[in-house]
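S.K.: I am attaching a structure below and will ask some questions about it afterwards.
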Amino acid sequence: MARKPQAEEGDPGAPEWMVTFSDCMTLLLTFFVLMLSFSSFDEKVIVKWNSIFAKRFSLNQTTFIDRDSVVASEAFKEVEDYQKGSEKPTLATGRENNLVKEAKTPNYNDRKVFIISSDKVFYGNGTVISITGRKILADLASFLREMPARIVVSENGNNGMEEDKNLGMNRAWTIVEYMTKTQSLDKQMFSISIGGTVSKNEIRENELNAKQDLTSKDKRMLEIVLLERSIYN
């Protein structure tokens, strides 16, 4: 018997019933579009969704308030003129009353010269300030901060020799440096002088009145003078 010829096999391919991935995505998208088209949400659900999205994405809900763009101006009130009152306006008198008066110590005119024995301020015959001298100058600096003035510093004795004058200048300069650098006073306040303003007789009288021991007629004295403003202005 002759065999039946076998049918030729076609090209291999997918079955007719198989759906591709692209077809699935298209069908899924179509389903969601149809679902959203024929569905509706309640207002409560929409408000709830808004709150959820606001918390999730940190969105602040803004509220708009209806306001006028022009600020309402207050009506001016007429002020009645009083028959009695001050001749000066309140602002002028207020400035005068708030001014700080210049401070003055009691008996300021009698306390403008500070005189002290150099032995209490310096060591020996040198220019090094002693511990006692630093305490005295610190107290004086506290006073000068409250009573700023032009200050003249001098240190001298009765000999009048050139060596004594040089020592007096060096000691006066040491005092000025201590006051300006250590006590932080303004250097423009200070000046140095060779001669003092108070005579030795007046110094001796003050020492006698204070019952101090005069060991030598040639005792060296440190003198610090506060000038009146009428002199240096």
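Residue numbers (the working numbering): 34 to 266.
Just so it is clear, CB atoms sit at the ideal spot from N, CA and C, and this is done for glycine as well.
1. Does the Cβ of I164 have 16 or more other Cβ atoms within 10 Å, making it buried, or fewer, making it exposed?
2. For T207, does the count of other Cβ atoms within 10 angstroms reach 16, so buried, or fall short, so exposed?
3. Would you kindly work out how many angstroms separate the C-alpha atoms of I79 and L60, rounded to a whole number?
4. Is the separation between the beta-carbon of V154 and that of L255 shorter than 8 Å?
5. Measure the C-alpha to C-alpha separation of M222 and K198 and round it to an integer number of angstroms.
6. Once the 5 residues before and after E261 are set aside, which same chain residues still bring their CB inside 6 Å of it?
7. Would R253 and N189 be called neighbours here (beta carbons separated by less than 8 Å)?
8. Hey, would you say M212 sits closer than 8 Å to A182, going by beta carbons?
9. I'd like the span of the alpha helix (DSSP H) that includes S175, first residue to last.
10. Give me the Cα-Cα distance between I225 and V185, rounded to the nearest whole angstrom.
M.R.: Judging by the given coordinates:
1. exposed
2. buried
3. 27 Å
4. yes
5. 22 Å
6. none
7. yes
8. no
9. I164 to E179
10. 6 Å
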